[in-house]
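**Student:** Starting off with a structure, shown below.
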Amino acid sequence: FGVSVGKIQGTQDIDTLCDILDPLEKKAGLENGSVRLLPWIETARAVVNVYAICTASPRIVGAAFGAEDFTNDMGIERSDDDAEVGHARNTVCIAARAARVPALETPYFKFRDPDGLRQNARTAKRRGFKGQFAIHPAQVDILNEVFSPTLAEIDYARRVVAAFEEAERQGRGSTSLDGKVIDVPVVKRARALLQTAAEIENRSEG
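Heads up, the sequence shown is in my numbering, so the first residue is 391 and it goes up one at a time.
Shown next, in the form of structure tokens:
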């Protein structure tokens, strides 16, 4: 279990939280580090410090981007296409990936617009976000659908791995499938997708 913490500005905030949690865990009979932290990156300072924040403690399990508070901090208005937060979003995704923790997208506030949510989530996934917060239960199914591998993606990933392994057996370092080059980076993505699909299946069965 963990705590979602807003308005994190830098590593000093993570240090303060850890100093608070350490004795509380000990008092509760919990192993040190049991309580995880999910910091929200929602100010200009936080965006600048996001990699340092994500690597400040083993307690960190992700980085959540907060677009509303970020634009408020910047003194700008959010537009329908969210162009003004594109750089911040990309920065959070890249830094979180470098820190090996998932980046989570800001909520989509038009909860009566399922088509808009689906498009918004697909864009977030393409940027590198691994999930997205919901503000209404009706959004959960769509978000799970978008951020989970599709059957077509799983089938293609399996074909990629099979084609590459056959090429390896023949002493080659690359091959092709459906007219596209299949080399090591492509295979790594395919294997990662299959691993994600397996983890989702295991959780659903559990």
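Glycine included, C-beta positions come from ideal geometry on N, C-alpha and C.
These numbers were taken from a predicted model, which means no experiment stands behind them.
For my contact list, residue 400 and residue 462 are in at a C-beta cut-off of 8 Å; report their separation, rounded to the angstrom.
**Tutor:** Not a contact, Cβ separation roughly 19 Å.
**Student:** Do you know whose CA, among 466, 436, 444 and 538, lies nearest residue 582's CA?
**Tutor:** Selected option, being the one with the closest Cα: 538.
**Student:** Please classify residue 575: is it buried, with 16 or more other beta-carbons within 10 angstroms of its beta-carbon, or exposed?
**Tutor:** Classification of residue 575: exposed, given that the 10 Å Cβ count is below 16.
**Student:** Identify every run of the beta strand (DSSP E) within the segment 404–464, keeping only runs that are complete inside it and at least 3 residues long; order them along the chain.
**Tutor:** Those beta strand (DSSP E) runs which fall completely within the segment 404–464 and span 3+ residues are 426–431 and 453–455.
**Student:** Pull up the CB-CB distance for residue 457 and residue 475, whole angstroms please, since I reckon it's below 8 Å.
**Tutor:** Sure, about 5 Å apart at Cβ, within 8 Å.
**Student:** For residue 432, which option in 420, 446, 448 and 454 has the closest C-alpha, if you only look at C-alpha atoms?
**Tutor:** Closest option to residue 432, Cα to Cα, is 454.
**Student:** Would DSSP call residue 565 helix, strand or coil?
**Tutor:** Reduced to three states, the DSSP call for residue 565 is strand.
**Student:** Where does residue 535 land, buried or exposed, given buried means 16+ other C-beta within 10 angstroms?
**Tutor:** So residue 535 counts as exposed.
**Student:** Run through DSSP, which three-state label would residue 495 get?
**Tutor:** It is a strand residue.
**Student:** Among the residues of its own chain, which have a CB less than 8 Å from the CB of residue 533, if the five just before and after it don't count?
**Tutor:** The answer, listed in chain order, is 507, 511, 521, 522 and 524.
**Student:** Taking the alpha-carbon of residue 585 as reference, which of 567, 545 and 563 has the nearest alpha-carbon?
**Tutor:** For residue 585, the nearest C-alpha among the options comes from 545.
**Student:** Determine the direct distance from the alpha carbon of residue 479 to that of residue 517, and round the result to whole angstroms.
**Tutor:** Going by the C-alpha atoms only, they are around 8 Å apart.
**Student:** Output the boundary residues of the beta strand (DSSP E) element that contains residue 572.
**Tutor:** First-last of the beta strand (DSSP E) with residue 572: 570–572.
**Student:** Assuming residue 423 and residue 449 form a contact by the criterion Cβ under 8 Å, report the distance between their Cβ atoms to the nearest whole angstrom.
**Tutor:** Indeed, because the Cβ distance is near 6 Å, the residues count as touching under 8 Å.
**Student:** Less than 8 Å between the beta carbons of residue 427 and residue 414, yes or no?
**Tutor:** No; because the gap between Cβ atoms is not below 8 Å, this pair is not in contact.
**Student:** Would the beta-carbon of residue 398 fall within 8 Å of that of residue 443?
**Tutor:** Yes, these two residues count as a Cβ contact at 8 Å.
**Student:** In the DSSP assignment, find the alpha helix (DSSP H) that holds residue 476 and state where it starts and stops.
**Tutor:** Run containing residue 476: 476–488, per the alpha helix (DSSP H) assignment.
**Student:** Would you kindly work out how many angstroms separate the C-alpha atoms of residue 558 and residue 568, rounded to a whole number?
**Tutor:** Their backbone Cα atoms lie some 18 Å apart in a straight line.
**Student:** Rounded to a whole number of angstroms, what is the C-alpha to C-alpha distance between residue 429 and residue 445?
**Tutor:** Each residue's Cα considered, the two are about 11 Å apart.
**Student:** Going by other Cβ atoms of all chains shown within 10 Å of its Cβ, with 16 needed for buried, is residue 514 buried or exposed?
**Tutor:** Buried: at least 16 other Cβ atoms inside 10 Å.
**Student:** Quick check on residue 522: does DSSP put it in helix, strand or coil?
**Tutor:** DSSP places residue 522 in strand when its eight states are reduced to three.
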